[in-house]
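Encoded as structure tokens, the structure appears first; notes follow it.
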Amino acid sequence: MRASTILILLSCLGFPKIILAADAPPNILLILSDDLGYGDVAPFNAESKIATPNCDALARAGMCFTDAHAPGSVCVPSRYGLLTGRYPFRNNRNFNTETLIEPDRLTIASLLKQAGYSTAMIGKWHQSFDNGTAFNYAKPLRGGPVDRGFDSFFGMHASLDIPPYFYIDNDYPTLAPTGHTEDHHSPDTSPIQGKFWRAGPIAPDFRHEDVLNKFTAKAVAFLASRKGAQKPFFLYFAPPSPHTPWVPSDVFASKSGVGPYGDYVMQVDDAVGQLLRALDAAGQSNNTLVIFTSDNGPVWYPAD
-2 MRASTILILL SCLGFPKIIL AADAPPNILL ILSDDLGYGD VAPFNAESKI ATPNCDALAR
58 AGMCFTDAHA PGSVCVPSRY GLLTGRYPFR NNRNFNTETL IEPDRLTIAS LLKQAGYSTA
118 MIGKWHQSFD NGTAFNYAKP LRGGPVDRGF DSFFGMHASL DIPPYFYIDN DYPTLAPTGH
178 TEDHHSPDTS PIQGKFWRAG PIAPDFRHED VLNKFTAKAV AFLASRKGAQ KPFFLYFAPP
238 SPHTPWVPSD VFASKSGVGP YGDYVMQVDD AVGQLLRALD AAGQSNNTLV IFTSDNGPVW
298 YPAD
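Its first residue numbered -2, the sequence shown is counted upward by one per residue in the working numbering.
Here it is in structure tokens:
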């Protein structure tokens, strides 16, 4: 969903008026799934074979938008468009050598911060940093989320199949990627589907199978910390799933009946449920706009 489309959604719900009014503005929880297909969840496809009860409940209680557009067909431009509200083709910066979002560029986070919001991001950034992909693990990673409007960030630099593999806490790695992982593939899929990731450096505290659960736990903890808070918050939760590698946890393995992709989608849906329950527990459900969307669609081929 393009950033301008999301702003239309907020406008329809009275967002600009509430921001300027004296009463409490709404919190905003924006969940951006990664490579989730339009027809993978039942609200948009009654014949979907994947159980997504939390997305179904969210749809029943809210609104479904059927005319939404991604500004790019892959991760990086679609996220640039969401964060900046700008067409990514207007950006001529080099992802490999510099952050894509210009230092003076207004983002959805900096806009809301100006309006008095606490802003947090958890998950996949994929907009690069000031030094591009030349990481110096002993120095701050400048040009990332905390330099583009977010008060805090816990996440990773790119997709779950792109090395180096390490976690970032605000602007520092939690641990440097001192180990190495080999190329990984699933024998029954195309080379870039299934349990696929590329060879490269990996940190001691990083396991591909743990990432979605770890990010979900961080998001739940953030929402729990908002209990009793007077200042409105914006949480941008960007899990790296169900993008490859398809690595559902044991709880969801073989549960969908349509393979590991379906199992992983079920785990994403469970993460949505955990966040909704955390909002309830924090007493923030009645004053929070929850937006669930996907970046640019799944990786499927005609033969699939």
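Ideal placement from N, C-alpha and C gives every residue a C-beta, glycine not left out. Computed from a predicted model, the values in this text were never measured in an experiment.
Looking at the DSSP output, L55 sits in no beta bridge, so it has no partner there. Residue pairing by DSSP places Y169 opposite D166 in a beta bridge. Take the alpha-carbon of L33 and the one of P239: they are about 6 Å apart. The alpha-carbon of A39 is positioned some 17 Å away from that of L29. Here L33 carries a coil assignment [DSSP, helix/strand/coil].
Annotation for Y261: S238, P239, W243 and P245 place their beta carbon closer than 6 Å to its own, counting only its chain and skipping 5 residues before and after. Taking C-alpha positions only, K136 is separated from K46 by approximately 46 Å. Listed as beta-bridge partners of P198 by DSSP are H177. Under the criterion of beta carbons closer than 8 Å, N51 and G254 do not qualify as touching, at roughly 18 Å. Looking at the DSSP output, I189 shares a beta bridge with no other residue. Of the residues H66, S156 and E95, the one whose Cα lies closest to the Cα of G140 is E95. By the neighbour-count criterion, in which a residue is buried when 16 or more other Cβ atoms sit within 10 angstroms of its Cβ, W122 is buried. Going by DSSP, V287 is part of the beta strand (DSSP E) stretching over T285 to S291. Here S107 is buried: its Cβ has 16 or more other Cβ atoms, across all protein chains shown, within 10 Å.
Counting only runs of 3 or more residues that sit fully inside the segment 225 to 264, the beta strand (DSSP E) segments are 230 to 235, in chain order.
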